[in-house]
Amino acid sequence: MNVTAETVIVISGASSGIGRALALALARKGARLGLLARRIDRLNDVANECRDAGGSAVAIECDVTKRESFASSIDTIAQHFGAIDVLVNNAGRGHHAYVEDTPDEQIENIFRVNVFSLWYGSTAAIPHMRARGGGLIVNISSLAGKVGYPANAAYVAAKHAVIGFSRALRAELAETGIDVMTVIPAGVATDWADVVEGGSMLDLFTYERERGEAIARERDVEMPASPRLLNADEVAAMIVDAIEHPQPEVYTHPGSREMALAAECDAAAFEQSQVPNWLANREGYLKSKQKR
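In terms of my numbering, the sequence shown is residues 39 to 330.
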């Protein structure tokens with residue numbers, strides 16, 4: 039589909055990060071945007087930025103972990119603009135902890151935000167898309183949905199679930215005119231630390247990379263290349279292109295598709311190549327844990 043001034047797009051988690059960048063990128067194409075987030079003050083600022091950029095925008099305070107909140111928000115947007123063409127399930131939350139240190143309430147919260155919300159948003163949007171004659175559901179997963187990372191088990195499990203959900207829903211909606219696409223980013227330089235419990239993932243990533251390279255030199259082994267960090271605007275531009283040219287799964291970072299394939303096709307070899315990173319991660323995690 040071509041994004042035009044007639045295209046109605048709902049974005050959850052739109053107050054910051056990828057969600058905000060995507061909203062602005064779509065606004066520059068004139069799109070009509072339904073923006074959802076809990077932080078309504080920040081969301082109103084984003085809506086104003088979108089209007090200044092050439093789009094139309096309505097901001098709605100929404101808790102995507104509650105079916106009633108998500109459904110009523112989508113219905114309000116459909117009534118306001120007259121239709122819904124695209125739903126971007128972007129809201130997400132992480133938790134920085136080893137399995138043994140992850141409390142039950144964090145596991146449940148991670149799955150409510152990252153996984154359960156997909157059900158709530160999709161089931162609310164599908165009837166509107168069906169009435170429109172078609173539509174697109176975009177679920178934002180992560181390279182963590184393809185590869186296991188230490189100190190992130192709850193998030194990794196949730197993002198794997200996003201991919202499974204998307205594949206199942208895509209099968210259910212085959213030849214209905216409603217498409218389902220999964221976007222798979224790797225590291226993105228955003229204020230993600232604001233929604234990650236337990237410490238800064240960016241700090242741990244930086245430490246892990248530098249210390250991992252040192253461990254690899256000590257062991258005289260070759261460090262595998264990791265996808266470089268992209269900024270939110272770079273990722274948003276790729277998502278806009280993907281919305282206009284949908285495919286089942288879209289990798290935003292160069293090298294991330296190859297990394298995911300390596301992990302799937304030869305797990306033993308891939309895991310062996312990651313040992314320096316994993317040891318560095320453990321060191322960094324234990325140091326950060328001591329500071330808390």
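For glycine and all other residues, C-beta sits at the position ideal for the given N, C-alpha and C. On a predicted model such as this, the values are computed, not experimentally measured, just so you know.
By Cβ distance below 8 Å, which residues in the same chain neighbour Gly-171 in space, the five residues on each side in sequence not counted?
The count along the sequence shown starts at 1 and reaches residue 171 at position 133. Taken in chain order, the residues that qualify are Gly-215.
In terms of DSSP beta bridges, what is Leu-74 paired with?
Working through the sequence shown from its first residue, we reach residue 74 at position 36. Answer is Ser-50 and Ile-98, bridged to Leu-74.
Quick one: what does DSSP say Met-219 is sitting in, helix, strand or coil?
By 1-based counting over the sequence shown, the position of residue 219 is 181. In this structure, Met-219 counts as strand in the three-state DSSP scheme.
Given Val-126 as reference, the closest of Ile-112, Val-226 and Gly-183 once Cα atoms are compared:
For the purposes of this step, residue 126 is identified with residue 88 of the sequence shown, where counting begins at 1. The option with the nearest alpha carbon to Val-126 is Ile-112.
Looking at the strands, I want to know which residues DSSP matches up with Asn-269.
In the sequence shown, residue 269 corresponds to position 231, counting from 1. Its beta-bridge partners are Ala-227.
Looking at Ala-227: is its Cβ nearer than 9 Å to the Cβ of Asn-269?
Here residue 227 refers to the residue found at position 189 when the sequence shown is read from its first residue. Here residue 269 refers to the residue found at position 231 when the sequence shown is read from its first residue. Cβ atoms of Ala-227 and Asn-269: closer than 9 Å.
Let me make sure I understand the geometry here. Which of Met-276, Ala-300 and Ala-307 has the alpha-carbon closest to that of Tyr-289?
Start at 1 with the first residue of the sequence shown, and residue 289 comes out as number 251. Considering only alpha carbons, the answer is Met-276.
Hey, how far is the Cα of Val-48 from the Cα of Arg-89?
Along the sequence shown, read from residue 1 onward, the residue named residue 48 stands at position 10. Along the sequence shown, read from residue 1 onward, the residue named residue 89 stands at position 51. C-alpha separation (whole angstroms): 15 Å.
According to DSSP, is Tyr-193 part of a helix, a strand, or is it coil?
By 1-based counting over the sequence shown, the position of residue 193 is 155. The three-state secondary structure of Tyr-193, taken from DSSP, is helix.
Should Ala-85 be labelled buried (16 or more other beta-carbon atoms within 10 Å of its own) or exposed?
Along the sequence shown, read from residue 1 onward, the residue named residue 85 stands at position 47. With 16 or more Cβ atoms within 10 Å of its Cβ, Ala-85 is classed as buried.
Write down the C-beta distance between Ala-274 and Ala-59 rounded to the nearest angstrom, noting that I regard them as a contact closer than 8 Å.
What you label residue 274 is simply residue 236 of the sequence shown in a count that begins at 1. What you label residue 59 is simply residue 21 of the sequence shown in a count that begins at 1. At roughly 4 Å, the Cβ-Cβ gap stays under 8 Å, so Ala-274 and Ala-59 are in contact.
What three-state label does DSSP hand Glu-287 in the structure shown?
As a first step, residue 287 is located in the sequence shown; it is residue number 249 there, counting from the start. In the structure shown, Glu-287 sits in a strand (DSSP, three-state: E or B).
Local Cβ density within 10 Å of Gly-120, reported as buried at 16 or more and exposed below that:
For this step, residue 120 is matched to residue 82 along the sequence shown. Exposed: under 16 other Cβ atoms inside 10 Å.
Beta carbon of Ala-129 nearer than 9 Å to that of Leu-74:
On the sequence shown, residue 129 is found 91 positions in, with the first residue counted as 1. On the sequence shown, residue 74 is found 36 positions in, with the first residue counted as 1. In contact: Ala-129 and Leu-74 (Cβ atoms closer than 9 Å).
Helix, strand or coil for Asn-315? Go by DSSP, reduced to three states.
As a working mapping, residue 315 is identified with position 277 in the sequence shown. DSSP places Asn-315 in helix when its eight states are reduced to three.
Helix, strand or coil: which one does DSSP assign to Asp-173?
Start at 1 with the first residue of the sequence shown, and residue 173 comes out as number 135. Note on identity: in this sequence residue 173 is Gly, with Asp being the wrong assignment. Three-state DSSP puts Gly-173 in a strand.
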